[in-house]
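K.L.:
Numbering (the numbering used here), first residue to last: 1 to 273.
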């Protein structure tokens, strides 16, 4: 019995050694040198072909792009909206600055390029007129001063209303279009009527800031913004307020249930004392 156990042990060790390298057949890990060469050649050709197809596809796509002209610059397509502070739910205690400092920092960071001292280098454009510059090699930039946002500019009130419990939300579009922004409260059983104030007035994004000619031709361009100040009262505190902002304008879509971000953005605000 002892000899049988020893023999089986030797056979097992021998089988593992033969699998790694079998001196009788010259196989390494179950394959001869020729077999390894063929399989490596196959994978080299296979992955080389895939890499070539990917490179060709990328090259063809890049030929359709112009570094000086954005791919989409239509004026009536439905734009998407984003908000700053970048949060779906904005909850804070107005008595504790540590609760909202990260929100106001986002707003200050966003508005750095809109400082009046920077924007005064840009051009005064005609209100209500598209700034067409198709044949101009260097595109001018229309002024959008931070002070235009008034109480939501962070200048008279560096806390953007968060300290007083009446926060400012800044709305940006991700596509070009002449529109105005309307925000509506989505009410529940506990909500009171929520008042809002827009900057610029009526939430209007003037057409003079369009079209946009791309980052190379329009390097100093800044998007026009709309700020909405939520005029919360003490009755609104400790209640989650849901607000939906939409773009309004001719031929714009903002009610497609298949795309919740087409022409609208929804966020929640909850303020406590």
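All residues carry an ideal CB built from backbone N, CA and C; glycine is no exception.
When DSSP labels each residue in this structure, what does residue 88 get in the three-state scheme?
P.N.:
Note: residue 88 maps to coil in three-state DSSP.
K.L.:
Does residue 217 come out as helix, strand or coil in the three-state DSSP assignment?
P.N.:
The answer is coil: DSSP assigns residue 217 none of H, G, I, E or B.
K.L.:
Under the DSSP definition of a beta bridge, which residues are partnered with residue 123?
P.N.:
Beta-bridge pairing links residue 123 to 142.
K.L.:
Leaving out five residues before and five after residue 209 in sequence, what residues of the same chain have Cβ atoms less than 6 Å from its Cβ?
P.N.:
So the qualifying residues of the chain are 142, 224.
K.L.:
Who are the Cβ neighbours of residue 183 in its own chain at under 6 Å, not counting the five residues just before and after it?
P.N.:
For residue 183, where only same-chain residues beyond five positions count, the Cβ hits under 6 Å are 196, 228, 243, 245.
K.L.:
Please determine, among 128, 145, 150, 270, the residue with the shortest C-alpha to C-alpha distance to residue 211.
P.N.:
Per the Cα distances, 128.
K.L.:
To which residues does DSSP link residue 83 through a beta bridge?
P.N.:
The partner list for residue 83 (beta bridge, DSSP) reads 171.
K.L.:
Could you pull the DSSP bridge partners for residue 264 from this structure?
P.N.:
Beta-bridge pairing links residue 264 to 246.
K.L.:
Can you tell me whether residue 219 is buried or exposed? The criterion is at least 16 other CB atoms within 10 Å of its CB, across all chains shown.
P.N.:
Exposed, because fewer than 16 other Cβ atoms sit within 10 Å of the Cβ of residue 219.
K.L.:
If residue 92 sits next to residue 151, beta carbons under 8 Å apart, how far is it from one beta carbon to the other, in whole angstroms?
P.N.:
With a Cβ gap of about 18 Å, residue 92 and residue 151 do not count as contacting.
K.L.:
Can you grab the Cα-Cα spacing for the pair residue 126 / residue 46, in whole Å?
P.N.:
When rounded, the distance between both Cα atoms is 59 Å.
K.L.:
For residue 137, count neighbouring C-beta atoms within 10 Å of its own C-beta (all shown protein chains included) and say buried if the count is 16 or more, exposed if not.
P.N.:
The residue in question, residue 137, is exposed, as its Cβ has fewer than 16 Cβ neighbours within 10 Å.
K.L.:
By Cβ distance, which residues of its chain are closer than 7 Å to residue 124, with the 5 residues on each side in sequence left out?
P.N.:
Result list for residue 124: 143, in chain order.
K.L.:
Checking 8 Å against the spacing of the C-beta atoms, do residue 275 and residue 104 come in under that value?
P.N.:
Residue 275 lies beyond the range of the chain shown here (1 to 273); nothing can be said about it.
K.L.:
Is the distance from the Cβ of residue 171 to the Cβ of residue 232 below 8 Å?
P.N.:
For residue 171 and residue 232, no; Cβs fall outside 8 Å.
K.L.:
Runs of 3 residues minimum, wholly inside the segment 21 to 48: which ones carry the beta strand (DSSP E) assignment?
P.N.:
As far as the segment 21 to 48 is concerned, it has no whole beta strand (DSSP E) run of at least 3 residues.
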